[in-house]
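Peer 1: Before I ask anything, here is the structure I am working with.
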Amino acid sequence: MARRYGGKYSPDGSKTGSGAAGAPQPAPFRDRRARRVNLRARLMFLLPLPLLFAGLGAIGRGSPTEMLAEIGGFAGLTFSAWLLNEGLRAEEAYDARVIARPPAFPRKIFAAALTGVSVAAVGMFSLGQGLFGSLAFGVLASLAHLSAFGIDPMKRKGMDGVDAFATERVAKAVDRAEGLVREILSASEGIRDRRIQDRIERLCAQAREVFRTVEEDPGDFARARTFMSVYLLGLRDATRKFADLYGRTRDADTLLEYEALLSDLETSFTTHRTDLLADNRSDLDIEIEVLRERLQQDGLTVRVETGER
Amino acid sequence: MKQSTVQLISFLVLAAVVLATGFGAIGGPAMLAGGF
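Protein sequences appear in the order of chains A and B.
Just add 185 to wherever you are in the first sequence, counting from 1, and you've got the working numbering.
Just add 549 to wherever you are in the second sequence, counting from 1, and you've got the working numbering.
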């Protein structure tokens, strides 16, 4: 995403570390891994192209069965390439987590099966290979697919000594919280102010640090979840409203108010993380209450999940 | 054999099967019917 250039020494440059006074700021690229691009998986989008031309040729010859088989095969192989790429992305997310659930839908396995079915269908209805021949090519394609790209992660990844139910709950909560972080970042793109966007990104990086803390030690999970909900929902709603309002008016007062909220959130969040690490429950409860009131004062309705489910 | 070698060979086999299917579909029936 293109962003306006700016840094510490630019006009309007930010003083890094504004907000949470004295709080250690996470490094800007922490927890932001470069996406692995699998060239072979991308090539799978190109390989079925001849089938599309064959389908067009079949239309020209007026052969509906061949046309259906070839266009259908092209569609099946393209869909399977998309599934494969999504599966690789899900696997990457799974690998990045300490506690993770396997993907709900095994995309890579399904992609391999669909590749086999597509190749077999084209062989049978377009190339006239017969049942045995087409099945042989289909099975070969599926096996080669499985061997080249592997299968999806199938096991729950958790820590020793944590029961499956607790692992599941932590993984679900972190999933939801990661979703909120993505929404916050996408809402912040509408602000078009690099300094503010950087602060939001830093906040999100801090949030991700808390996810990792919770994943590593889900002992005080209920409180962590409450705080994550209050904090992240508050930040998301505030960011959306601010992006909308500031985008239209560029009002300096709105900017000041939003920056004050960001500072409060930065301070609360750093304190929260410290309390979570030190298992300081009473301080954490007070912190949550204060933040909730602060968000209510700003007219942000926060749906909070409290307690155990 | 290293795993990456197996993966590369598997990918090449897969690519060959898919491409052969595609080009076969372009060439085979069209040649039978008297040209594409």
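Think of the CB as a built atom: it goes at the ideal place given N, C-alpha and C, for glycine as much as any other residue.
Does Thr500/B have its Cβ less than 8 Å from a Cβ in chain A?
Peer 2: This structure leaves residue 500/B out entirely; chain B is present only between 550 and 585.
Peer 1: Have a look at Val567/B, Gln556/B, Gly576/B and flag the residue whose alpha-carbon is nearest the alpha-carbon of Gly301/A.
Peer 2: Here residue 301/A refers to the residue found at position 116 when the first sequence is read from its first residue. Nearest C-alpha to Gly301/A: Val567/B.
Peer 1: Evaluate Ser553/B with the Cβ neighbour count: other Cβ atoms within 10 Å of its Cβ, from every protein chain shown; 16 or more gives buried, anything less gives exposed.
Peer 2: The sequence position of residue 553/B within the second sequence is 4, counting from 1. With fewer than 16 other Cβ atoms within 10 Å, it is exposed.
Peer 1: What does the alpha-carbon distance come out to for the pair Thr456/A and Glu386/A?
Peer 2: Here residue 456/A refers to the residue found at position 271 when the first sequence is read from its first residue. Here residue 386/A refers to the residue found at position 201 when the first sequence is read from its first residue. Their backbone Cα atoms lie some 18 Å apart in a straight line.
Peer 1: If you draw a straight line from the alpha carbon of Ala206/A to that of Glu271/A, how long is it in whole angstroms?
Peer 2: Within the first sequence, the letter at position 21 stands for residue 206/A. Within the first sequence, the letter at position 86 stands for residue 271/A. With a pLDDT of only 43 at Ala206/A, under the threshold of 50, the placement of this residue in the model should not be trusted; the figure read from the coordinates follows. Each residue's alpha carbon lies about 41 Å from the other.
Peer 1: Can you give me, in chain order, the residues of the stretch 271 to 295 of chain A that have a beta carbon less than 7 Å from any beta carbon in chain B?
Peer 2: none
Peer 1: So which residues of chain B does Asp225/A contact, with C-beta pairs closer than 7 Å?
Peer 2: Translated into positions along the first sequence, residue 225/A becomes position 40. Per the sequence shown, the amino acid found at residue 225/A is Arg instead of Asp. Those are Phe560, listed as they occur along chain B.
Peer 1: Using a Cβ-Cβ distance cut-off of 8 Å, determine whether Phe317/A contacts chain B.
Peer 2: Against the first sequence, residue 317/A aligns to sequence position 132. It does not; no Cβ of chain B falls within 8 Å.
Peer 1: Check Ala289/A in the structure and name its three-state DSSP category.
Peer 2: By one-based count along the first sequence, residue 289/A stands at place 104. Of the three classes helix, strand and coil, the one that applies to Ala289/A here is coil, per DSSP.
Peer 1: Tell me which residues of the stretch 299 to 317 of chain A have at least one Cβ-Cβ distance to chain B shorter than 7 Å, keeping chain order.
Peer 2: The residues in question are Val304, Val307, Gly308, Ser311, Leu312.
Peer 1: Determine the DSSP secondary structure at Lys357/A, reduced to helix, strand or coil.
Peer 2: Translated into positions along the first sequence, residue 357/A becomes position 172. The answer is helix: DSSP assigns Lys357/A an H, G or I state.
Peer 1: What residues from chain B crowd round Leu502/A, counting only those whose CB sits closer than 9 Å?
Peer 2: The shown model of chain A, from 186 to 494, leaves out residue 502/A, and the question about it has no answer.
Peer 1: Going by the DSSP bridge assignment, what does Lys342/A pair with across the sheet?
Peer 2: Taking the first sequence and counting its residues from 1, the one referred to as residue 342/A is at position 157. DSSP lists Ala285/A as partners of Lys342/A.
Peer 1: Can you check whether the CB of Pro288/A is closer than 8 Å to the CB of Ile575/B?
Peer 2: The residue given as residue 575/B occupies position 26 in the second sequence. The residue given as residue 288/A occupies position 103 in the first sequence. Not a contact, by the Cβ cut-off of 8 Å.
Peer 1: Provide the residue span of the alpha helix (DSSP H) that contains Pro235/A, from first to last.
Peer 2: Start at 1 with the first residue of the first sequence, and residue 235/A comes out as number 50. Run containing Pro235/A: 234 to 246, per the alpha helix (DSSP H) assignment.
Peer 1: For Ala239/A, go through chain B and note every residue whose CB falls closer than 7 Å to its CB, in chain order.
Peer 2: By 1-based counting over the first sequence, the position of residue 239/A is 54. Under the 7 Å cutoff, chain B gives Gly571, Ala574, Ile575.
Peer 1: Please report the distance separating the alpha-carbon of Gly240/A from that of Leu253/A.
Peer 2: Here residue 240/A refers to the residue found at position 55 when the first sequence is read from its first residue. Here residue 253/A refers to the residue found at position 68 when the first sequence is read from its first residue. Computed Cα separation, rounded: 7 Å.
Peer 1: Looking at chain B, is there any beta carbon in it that lies within less than 8 Å of the beta carbon of Pro249/A?
Peer 2: Counted from its first residue, the first sequence places residue 249/A at position 64. Cβ-Cβ to chain B under 8 Å: no for Pro249/A.
Peer 1: Are Ser248/A and Ser303/A close, meaning C-beta to C-beta below 8 Å?
Peer 2: Position 63 of the first sequence, counted from the first residue, corresponds to residue 248/A. Position 118 of the first sequence, counted from the first residue, corresponds to residue 303/A. No.
Peer 1: Against chain B, does Arg477/A count as a neighbour if the rule is that its beta carbon must be under 8 Å from one of theirs?
Peer 2: Position 292 of the first sequence holds residue 477/A. No, its Cβ sits nowhere closer than 8 Å to a Cβ of chain B.
Peer 1: Buried or exposed: where does Val324/A fall if 16 or more other Cβ atoms within 10 Å of its Cβ makes it buried?
Peer 2: The residue labelled residue 324/A in the question sits at position 139 within the first sequence. Counting Cβ neighbours within 10 Å, Val324/A comes out exposed, since fewer than 16 surround it.
Peer 1: When you compare the stretch 419 to 433 of chain A with the stretch 369 to 381 of chain A, are there three or more beta-carbon pairs, one atom per stretch, that lie closer than 8 Å?
Peer 2: yes
Peer 1: Determine, for Leu563/B, whether the minimum Cβ-Cβ distance to residues of chain A falls below 8 Å.
Peer 2: The residue labelled residue 563/B in the question sits at position 14 within the second sequence. Chain A, which has a Cβ nearer than 8 Å to the Cβ of Leu563/B, makes this yes.
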